Amino acid sequence: MRKIVAMLLLPLAFLLLCATDVRAEGNALYIDTTYDCDGRGGTYEGGYVPAVESGQARFVLPLRAQDSAITSITVTPEISTEASSPFAYGNYQFTVYASAPGPEDPNRDHLFVISLNLPLKAERINGTYPVTFQVRYTDSTGAQQSQAFPVYVTISDGTDPNAPQPSEAPAGLLSIDGAHLYAGMDKPYADGYMPRVENGSAFIVLPLVGVTYDGRVTVTVDLGATADSPFLYGNYSQTATPQGWGSLYLFSFEIPLAHDRYNGSYPVTLRAEYLNARGAQTQQSFTVYVTITDGKTPPDPNAVEKVEAEKPELFISQCAIAPETVGGNETFTVDVTIENIGNIRARSVKLSWASSEPGILPVETANAQLLENIAAGESAHASFAMKTTKDVLAGSQPFTVTLDYVDLYGGTYSTAREFLVHITQPVELSYDAISVPKEITAGETLSLPANVFNIGKAPLRNVSVSVSGAGLFPTSTVFLGDIAPGEAGYGQMEVFIGMLSMTEGYTESYGQTHGLYTITYYDDADTEYTAETTFTLEIKQPVIETDTQPEENQSPVIQWWAAVLVGLAVIAILVSVIVVSRFIRAMKMQ
């Protein structure tokens, strides 16, 4: 009997020893290579590859446990944090519980099916990328074990790394690449790009091209006012480095949307901050519009809840302005609908209109009109005209509509509503003239004023001043920012005078050069304008001074012997004259 028991215990001890070895090595889990991962016969034995669709990579990893004591595992996917990684970084740790063997294979090990939908970046680049699933569990001995299972996914719906190079950006500033299509875009900007809205988020792609000083551009999203906004507010900011050809900065933002959002088109401002090619701090704004079509119908802004009242109560429920946008020295018409939401008739109704803002005036001398009595629950319509002066300020300017009325018993009432009319004005500026010398020596520094004055009625946006020309090297571009109407921006520009040959395309070192003084600015519609002044100056070669210099206007030196000869000649002439005179006198006396 003891021999039989010993023979039975010997194989059991061997199995326990093997199990202990496996657990000690932390290899109690293994991949079930015959499991159907995608419902279409895709197995690891047959070369299963995770599917990529709807902006996600769908991973399925079936694991079997040799240790029956393992009932749950903790899974932590490890993904690369590099900018080239296609995966949206986040904490994706989760727990998977064992599925008991089915009746068809009761002797098989417990099954753990790991399933993960990993979000992908909108600006992903095509290629093959690994995701390592770190699995932790507790074996039958109570020891903590860990195993790693790498799975590779192939991205083919992103940006082709061999895509054509985008166009060059304008000198000094970045610009949107409107010609090319990037991941997450349905059409290029030049063809009317609109951000995608899907799965409860808005996806905005901003491709910027240009040259920066340190190869870094930071873009921050400004979602505007919070009232009735469809966006969930947060800190949406990204810093990008050049991609591919070295001048492309690609940004992609996912903005979550509110569940109770309203349909409409909403502006989103993308503010870029960077050091330009000369190292000057530069700011730019780019506006894109997100169109919401899967939300609720927006409420009527003029609608109010009607309440019962023991008096007449007039309310301006609608106001239509034509045209919607007005310039200076123009007329616009206002049509209003007046409702009596009270329960008795409004009598002697007077409608008047005015504006507290200078530049918006009634067309007629009289700015009021009398209306018919308005019974309870009824409405009336009225229209009047207003005009703008040439000096009206641009923007949304208010005007007020007032209703004065009485009731049957002599009670007096007054109500007023303020409305806005959108005014547009051209941007205008002036600036201090620059004065440069006719000649200047290479190596010197030239100071130029950068004083800009807004003489128009619309704000100047992102005003900057720059100088270019052969041999002219400004230390930086002067950025004055926004300048309101009637105000000024002041600055000073330092220009180093170099040699002409320091500029590409010039072989001579000194001579005449032509400079261009440029003021760049934008209006509220982000239209770019420039004001330019040309100037000419002569770049002279530096003069090296020495201790000895030749004397100017030196008098000629007469040798002493020449002076003696001249004296002797004069004496000889005098003696000859005296002798001849005496000889002539003697002849006459004879």
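My numbering numbers the first residue of the sequence shown as 1395 and each following residue consecutively.
For glycine and all other residues, C-beta sits at the position ideal for the given N, C-alpha and C.
All values reported here derive from a predicted model rather than from experimental measurement.
One alpha carbon belongs to Arg1610, the other to Ala1596, and they sit about 25 Å apart. For Phe1645, the uninterrupted beta strand (DSSP E) run begins and ends at Leu1642 to Pro1650, by DSSP. Excluding sequence positions up to five before and after Lys1832, its CB lies within less than 8 Å of the CB of Leu1931 and Glu1932, all in the same chain and listed in chain order.
The alpha-carbon separation between Ile1768 and Lys1744 amounts to approximately 11 Å. According to DSSP, residue pairing for Met1887 in a beta bridge involves Leu1842. Collapsing the DSSP output to three states places Ser1860 in a strand.
Membership of Met1780 in the beta strand (DSSP E) is indicated by the continuous run Ser1773 to Thr1782.
In the three-state reduction of the DSSP assignment, Ala1463 falls in the coil class, being assigned neither a helical nor a strand state. The beta-carbon separation of Val1547 and Tyr1523, rounded to 6 Å, stays under the 8 Å limit for a contact. Comparing alpha-carbon positions, the option among Thr1869, Ala1445 and Tyr1916 lying closest to Arg1672 turns out to be Thr1869.
The beta carbons of Pro1601 and Leu1567 sit about 15 Å from each other, so the pair does not count as a contact at 8 Å. With 16 or more other CB atoms across the displayed protein chains lying within 10 angstroms of its CB, Tyr1916 is buried.
Taking C-alpha positions only, Thr1470 is separated from Gln1541 by approximately 11 Å.
Within its own chain, the residues whose Cβ lies closer than 6 Å to the Cβ of Lys1690, once the five positions on either side in sequence are excluded, are Tyr1656, listed in chain order.
Contact fails between the stretch 1801 to 1812 and the stretch 1838 to 1845, because fewer than three Cβ pairs, one in each stretch, are under 8 Å apart. Per the Cβ contact rule, the stretch 1917 to 1927 is not in contact with the stretch 1868 to 1887 (fewer than 3 Cβ pairs under 8 Å). Between the C-alpha atoms of Arg1855 and Gln1886 there is a straight-line separation of about 19 Å.
Between the stretch 1703 to 1721 and the stretch 1665 to 1679 there are fewer than three C-beta pairs closer than 8 Å, too few to call the two in contact. For Tyr1915, the enclosing beta strand (DSSP E) covers residues Gly1905 to Tyr1916.
When Cβ pairs closer than 8 Å are counted between the two stretches, the stretch 1901 to 1916 is seen to touch the stretch 1823 to 1830, the count reaching three or more. Secondary-structure assignment with DSSP links Lys1934 through a beta bridge to Thr1835. In the displayed model, Ser1975 falls within a helix according to three-state DSSP. For Cys1713, the uninterrupted beta strand (DSSP E) run begins and ends at Leu1708 to Ala1716, by DSSP. Apart from sequence neighbours up to five positions away, the residues of its chain that approach Gly1521 with a beta-carbon distance below 7 Å are Ile1549, ordered along the chain.
Distance from Gln1791 to Glu1751 at the Cβ level is roughly 5 Å; contact confirmed, criterion being Cβ atoms closer than 8 Å. In this structure Phe1647 is buried. Its beta-carbon is surrounded by 16 or more other beta-carbon atoms within 10 angstroms. Taking a contact as a CB-CB distance under 8 Å, the pair Phe1680 and Ile1570 counts as one, their CB atoms being some 6 Å apart. Taking Ser1659 as the centre and dropping the five residues before and after it, the same chain places the C-beta of Tyr1683 and Thr1685 closer than 6 Å to its C-beta, in chain order. Counting the other Cβ atoms within 10 Å of the Cβ of Pro1661 gives fewer than 16, which makes it exposed. In the DSSP assignment, Pro1792 falls within the unbroken beta strand (DSSP E) covering Gly1789 to Val1800.
Nearest to Glu1902 by alpha-carbon distance, out of Glu1922, Ala1864 and Ala1492, is Ala1864. Annotation: Met1588 to Lys1581 spans about 8 Å, alpha carbon to alpha carbon. With contacts defined as CB atoms closer than 9 Å, Gly1892 and Ala1836 qualify as a contacting pair. Membership of Ile1877 in the beta strand (DSSP E) is indicated by the continuous run Val1872 to Ile1877.
Taking Thr1614 as the centre and dropping the five residues before and after it, the same chain places the C-beta of Ser1631 and Arg1665 closer than 6 Å to its C-beta, in chain order. By the neighbour-count criterion, in which 16 or more other beta carbons inside 10 Å mark a residue as buried, His1775 falls on the exposed side.
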